[in-house]
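In the numbering used here, the protein residues as written are 5 to 160.
Even glycine gets a Cβ: it sits at the ideal position worked out from N, Cα and C.
Computed from a predicted model, the values in this text were never measured in an experiment.
As structure tokens, the structure follows; a few thoughts come after it.
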């Protein structure tokens, strides 16, 4: 039988039954993690956020994207509701597309220290150009570092 997650033990505050006010600005502190109970196997976790919004840091115009996050967890995993709230915190944040995907990846690495992670932004065209930045990371000195180099080289 599957073990029940202990919200208090895993410090998961966003799954509480009572409503909570959330920040309207970029806020990595809302990210929460829980223990990976299947560390004996490698597996992929993929999140798709088709309603990502950020602001152009120059014009203040909104930029829309689908953000795709895939990772192979190690000890910790990101809690999905906290990830959703975190991604929505970019709504009023001014950052270029490339900055957004790198900020997201670095915040998730700091939170979870995954074996491998990649983040892709499929930004809606503005001015006739679509930008699809991609970034990834593999744990240094492991086969995941090699995986990161291989997957990065295939993005061209």
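In the structure shown, what three-state DSSP assignment does residue i receive?
| i | result |
| --- | --- |
| residue 40 | coil |
| residue 105 | helix |
| residue 54 | strand |
| residue 90 | helix |
| residue 75 | strand |
| residue 82 | strand |
| residue 49 | strand |
| residue 5 | Summary for residue 5: the model assigns pLDDT 48, below 50, so the residue's position carries little reliability; its value from the coordinates is reported in the next sentence. Residue 5 falls in the coil class under three-state DSSP. |
In whole angstroms, what is the alpha-carbon distance linking residue i and residue j?
| i | j | result |
| --- | --- | --- |
| residue 141 | residue 48 | 14 Å |
| residue 117 | residue 77 | 8 Å |
| residue 137 | residue 16 | 31 Å |
| residue 83 | residue 129 | 30 Å |
With which residues is residue i paired in a DSSP beta bridge?
| i | result |
| --- | --- |
| residue 140 | 122 |
| residue 66 | 59 |
| residue 133 | 130 |
| residue 145 | Partner(s): none; residue 145 has no beta bridge. |
Only counting the same chain, and skipping five residues up and downstream in sequence, which positions put a Cβ closer than 8 Å to that of residue i?
| i | result |
| --- | --- |
| residue 64 | 98 |
If you drop the 5 nearest sequence neighbours on each side, which residues of the same chain put their C-beta closer than 7 Å to that of residue i?
| i | result |
| --- | --- |
| residue 32 | 90, 111 |
| residue 30 | 93, 94, 97 |
Is the Cβ of residue i closer than 8 Å to any Cβ of chain D?
| i | result |
| --- | --- |
| residue 61 | This model lacks chain D altogether; it includes just one protein chain. |
Below 6 Å CB to CB, which residues in the same chain sit around residue i once its five sequence neighbours on both sides are set aside?
| i | result |
| --- | --- |
| residue 86 | 18, 34, 35, 36 |
| residue 53 | 71, 91 |
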